[in-house]
Amino acid sequence: MDTLRGKLDRCAINTATLGHREPLHVTIDRIARAGFGGIAPWRHEVGAAGVSQIARQIRALELKVTGYCRSTYFPAPSAEERAANVQSNIRAVNDAAELGAECFVMVVGGLPAGSRNLSAAREMVSDGIAALMAEARNVGVRLAVEPLHPMYAAERSVINTVGQALALCRQLDPKNESLGIAVDVYHCWWDPELAESVSAAGSEARIAAYHVSDWLTPTTDMLLDRGMMGDGVIDLKEIRRLVETAGYSGMTEVEIFSKDVWWKAPPDEVLKCCADRLQSVC
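Position 116 of the sequence shown, counting from 1, maps to 103 under the working numbering, and the rest follow consecutively.
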């Protein structure tokens, strides 16, 4: 496995890492000036600025869009709401195409309000993704299921392991035409079957994105206390070795949610630390 030292062009910044504190065009310029090769923007930022304008800026700066974040959750109490969620995602997939995104990241959703039926929620996810695939193929955008840590199963994602995501991909897209997986170390580092699942996903060319951060001990917030790489307990070099040995050759993308630390630090300081840690501990 090659080191990332001197290879920031192989690394990307998810704009959430900077806390969405500035207009997106400013954030894009910062990331490009810092020497990173890629960016992963969020829908609300792109919508506020205008997708065509942002697409032009990204192309002018020769940045890759490693992923477009993120899907509207698929499960909902009524058929009408589920259909509306699919339509929302169809619009986002078209925006992802205009941005030239390498994938549309899908955080699939948890249990609908008032439900305790986990199996039904997973069926809603499967049905929702299936309804999205034709549009994704039509506009040439790869869909990427991002399994989330089990602590998010109730609210954010009923898909919680790489193995689960791979089974869903095989079920819905057996020919591997449009459906892959986003592997995020924060969500999967604990999985005792991670090595086998990543190897299997890679052998089928299903790994569409790779995200890094760190797991702090203790973690004080389930969502907004991710650590900078090297500040926690994740063996980042080992997981990148697994992913790249499995065949992934895309960018390493930093995605950190940190309301009390990194979202309060000056953006250029955050980017400098990301650059240092990518080249030393990832």
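Yeah, the Cβ is synthetic: ideal placement off N, Cα and C, and Gly gets one too.
Exercise for review: Identify the continuous beta strand (DSSP E) that holds Ala108 and give its terminal residues.
Suggested key: Counting along the chain, Ala108 falls outside any beta strand (DSSP E), though it belongs to the alpha helix (DSSP H) covering 105 to 126.
- Tell me the DSSP bridge mates of Leu166? Leu130
Checklist line | Residue range of the unbroken alpha helix (DSSP H) whose run includes Trp83 | finding: The question names Trp, but residue 83 in the sequence shown is Ala. Counting along the chain, the alpha helix (DSSP H) containing Ala83 begins and ends at 66 to 86.
By DSSP, does Gly34 sit in helix, in strand, or in coil?
helix
Simplified DSSP state of Ala282, which is helix, strand or coil: As displayed, the chain neither begins before -12 nor continues past 269, which places residue 282 out of reach and without an answer.
- request: Quickly, what does DSSP pair Asn1 with across the bridge? List them, please.
  value: Ala27
Inset, instruction - Sort Val92, Ala154, Gln40, Ala79 by Cα distance to Ala188 and report the nearest one. - result: Ala154
If Pro254 and Leu5 are in contact, beta carbons under 8 Å, what's the gap, nearest whole angstrom? 5 Å
Let me check understanding here. Comparing Cα to Cα, which of Thr239, Phe244, Cys260, Trp250 lies closest to Lys(-6)? Thr239
**Q.** Euclidean distance between Cα positions of Phe23 and Arg43
**A.** 18 Å
From the DSSP output, read off the bridge partner residues of Ser245. Asp212
Query - For Glu256, three-class secondary structure by DSSP - result: helix
Between the alpha carbons of Val344 and Gly34, how many angstroms are there, rounded? In the structure displayed, the chain extends from -12 to 269; residue 344 sits before or after that span and is not available.
(message) Here's a check: name, in chain order, each residue in its chain whose Cβ is nearer than 6 Å to the Cβ of Phe91, leaving out the five neighbours to either side.
(response) Tyr55, Val80, Ala83, Val128, Leu130
If we call anything under 8 Å between Cβ atoms a contact, is Asp50 one with Leu265? In the sequence as displayed, the identity of residue 50 is Leu instead of Asp. No. Outside cutoff.
**Asked** With a cut-off of 8 Å, do at least 3 Cβ pairs link the region 189 to 201 to the region 213 to 232?
**Response** yes
- Ser106 beta carbon near the ligand ATP (any heavy atom closer than 7 Å): The ligand ATP is not among the ligands present in this structure, which contains no ligands whatsoever.
* Asked: Between which two residues does the beta strand (DSSP E) harbouring His198 extend?
  -> 194 to 199
Review point. For the alpha helix (DSSP H) that Val13 lies in, which residues bound it at each end?
Key: 11 to 20
Taking the alpha carbon of Arg(-3) as the point to measure from, which residue in Arg57, Val241, Trp249, Tyr173 has its own alpha carbon closest?
Val241
Report task. Determine the DSSP secondary structure at Ser39, reduced to helix, strand or coil. Result -> helix
- request: Could you say if the region 71 to 80 and the region 171 to 186 meet the contact criterion of at least three C-beta pairs nearer than 8 Å?
  value: no
- Query: According to DSSP, which residues form a beta bridge with Asp171?
  - Reply: His198
Next item on the list: Throw me the rounded Cβ distance for the Ser58 and Val94 pair, which I believe falls under 8 Å.
Entry: 6 Å
Smallest Cα separation from Ala195: which of Thr206, Lys224, Ser39, Ser165? Ser165
Since Val112 and Ile146 are thought to touch, with beta carbons under 8 Å apart, how far apart are those beta carbons, to the nearest angstrom?
7 Å
For the beta strand (DSSP E) containing Val92, list its first residue and its last residue.
91 to 93
| query | Excluding sequence positions up to five away, which residues of its chain have a Cβ less than 8 Å from the Cβ of Tyr60? | reply | Asn72, Val94, Val95, Gly96, Gly97, Arg143
*How big is the Cα-Cα spacing for Cys260 and Val52?*
21 Å
Quiz item: Roughly how many angstroms lie between the CA atoms of Leu268 and Ala262, to the nearest whole one?
Solution: According to the sequence shown, residue 268 is Val rather than Leu. Cα-Cα distance, rounded: 10 Å.
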